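Shown next, in structure tokens, is the structure this report addresses.
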Amino acid sequence: MFNHIMVGSNDIERSKRFYDAVLGVLGTGEALRNVAAGGQVRLFYRHDGNSFGVSEPINGEPATFANGGTIGFKCDSPEQVQQFHDVAVELGGTSIEDAPGPRTSGLGTMYLAYVRDPDGNKLCAVYRPR
Numbered sequence: 001m002f003n004h005i006m007v008g009s010n011d012i013e014r015s016k017r018f019y020d021a022v023l024g025v026l027g028t029g030e031a032l033r034n035v036a037a038g039g040q041v042r043l044f045y046r047h048d049g050n051s052f053g054v055s056e057p058i059n060g061e062p063a064t065f066a067n068g069g070t071i072g073f074k075c076d077s078p079e080q081v082q083q084f085h086d087v088a089v090e091l092g093g094t095s096i097e098d099a100p101g102p103r104t105s106g107l108g109t110m111y112l113a114y115v116r117d118p119d120g121n122k123l124c125a126v127y128r129p130r
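Sequential numbering from 1 applies to the sequence shown in this note's numbering.
Next comes the structure, spelled out in structure tokens:
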């Protein structure tokens, strides 16, 4: 359904350090750097046919996060969920909501961790056992 997801950044080099490491936990390589026609730097991470981007805003306004928005990243194990969380916090992210771990609902048990990146974007690491 999705081609890509992009978030804004007020410090693209800080975002690069953060996302290179955090998404590296999921097996994504270093970002592909792109410069838009207006001079804004954009970073693209590609993995399993999906793209995640981080960009300096093209309208010249400060980047802000989406209130109520969450970007979920699929993990391969509960341990990878924890590592995603720990690397994010180590690099300036903020742990939010409940501690990383299992959550049970009508959909079964999932392992989740929620963090905000240094620009305030809400990220979720999720593992769903098969």
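Glycine is no exception: its CB is placed at the ideal position from the N, C-alpha and C atoms.
Here the structure is a predicted model, which means the values were calculated and not measured.
Per-residue DSSP class, three states only, for residue i
{"i": "F18", "result": "helix"}
{"i": "I12", "result": "helix"}
{"i": "V25", "result": "coil"}
{"i": "R116", "result": "strand"}
{"i": "I1", "result": "What sits at residue 1 in the sequence shown is Met, not Ile. Coil at M1, not helix or strand."}
{"i": "G106", "result": "coil"}
C-alpha distance - residue i paired with residue j, whole-angstrom precision
{"i": "K16", "j": "N67", "result": "23 Å"}
{"i": "F73", "j": "I5", "result": "11 Å"}
{"i": "P102", "j": "L23", "result": "21 Å"}
{"i": "Y19", "j": "L26", "result": "11 Å"}
{"i": "I58", "j": "V35", "result": "11 Å"}
{"i": "T64", "j": "G92", "result": "17 Å"}
{"i": "A99", "j": "F2", "result": "29 Å"}
{"i": "V81", "j": "R33", "result": "26 Å"}
{"i": "L123", "j": "T94", "result": "10 Å"}
Rounded distance between the beta-carbons of residue j and residue i, thought under 8 Å
{"i": "M110", "j": "R128", "result": "5 Å"}
{"i": "A125", "j": "H85", "result": "6 Å"}
{"i": "H47", "j": "T28", "result": "4 Å"}
Validate contact between the segment 103-121 and the segment 40-48 using beta carbons, cut 8 Å, 3 pairs: Here the segment 103-121 makes no contact with the segment 40-48; the two share fewer than three CB pairs at distances below 8 Å.
Three or more C-beta pairs below 8 Å linking the segment 9-22 and the segment 50-65: Cβ pair count under 8 Å is three or more, so yes.
Segments of 3+ residues assigned as beta strand (DSSP E) that fall wholly inside the segment 24-103: As far as the segment 24-103 is concerned, its whole beta strand (DSSP E) runs of at least 3 residues are 32-35, 41-47, 50-55 and 71-74.
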